[in-house]
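Note sheet for the following structure.
Residue numbers (our numbering): 10 to 139.
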């Protein structure tokens with residue numbers, strides 16, 4: 010349980026920091042989404058440990074995109090907080106998700122999955138890969 014809380018907090022602070030660096034600001038809801046996404050990535054790395062890091066990152070990008078859509082529908086559409094808007098991006102869905110950001114999530118997920126893979130004890134990693 011402590012490990013999962015730590016992963017959530019690291020994701021919350023980490024993603025909030027990435028947003029501040031890239032956009033100059035963030036919103037508290039993004040910290041919750043970031044923590045949830047990193048925790049989900051951890052679960053994906055455990056569940057798909059026998060598969061390639063590429064497949065794990067692709068799955069994680071899909072999961073992050075789904076969370077982004079769910080959070081966006083709540084905070085942007087339902088509550089009207091205007092935290093982000095992808096309406097000007099090609100192939101966007103309701104201005105909440107788009108292929109470009111799904112690709113960004115994939116690029117972000119690759120090192121995360123490598124980190125989670127390397128963080129596993131060697132014997133357990135061999136069992137998962139074997």
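Where is the CB? At the ideal position from N, CA and C, for every residue including glycine.
Query, Result
"Three-state secondary structure (DSSP) of residue 88", "coil"
"Exposed unless 16 or more other CB atoms sit within 10 angstroms - verdict on residue 34", "exposed"
"Nearest neighbour of residue 175, chosen from 116, 24, 85, 67 [CA to CA]", "Not covered by the structure: residue 175. The range shown for the chain is 10 to 139."
"Counterpart residues of residue 49 in DSSP-defined beta bridges", "According to DSSP, which records beta bridges pairwise, residue 49 is partnered with nothing at all."
"DSSP-derived helix/strand/coil call for residue 102", "strand"
"contact_flag[the segment 58 to 65, the segment 35 to 43] where n(CB pairs < 8 angstroms) is 3 or more", "no"
"Range of the contiguous alpha helix (DSSP H) that encloses residue 32", "11 to 32"
"Environment of residue 132 [buried if 16+ CB atoms lie within 10 Å]", "Note that residue 132 has pLDDT 44, beneath the 50 cutoff, so the model's placement of it is unreliable and no number is given."
"Same chain only: Cβ atoms within 6 angstroms of residue 104, ignoring 5 sequence neighbours per side", "94, 95, 96"
"Three-state secondary structure (DSSP) of residue 56", "helix"
"Straight-line gap, residue 114 to residue 107 (C-alpha atoms, nearest Å)", "11 angstroms"
"Residues near residue 82 in its chain [Cβ-Cβ closer than 8 angstroms; skip 5 each side]", "103, 105"
"Supposed close pair residue 42, residue 16 - CB separation, criterion 8 angstroms", "Not a contact, Cβ separation roughly 14 angstroms."
"C-beta atoms of residue 70 and residue 112 nearer than 9 angstroms", "yes"
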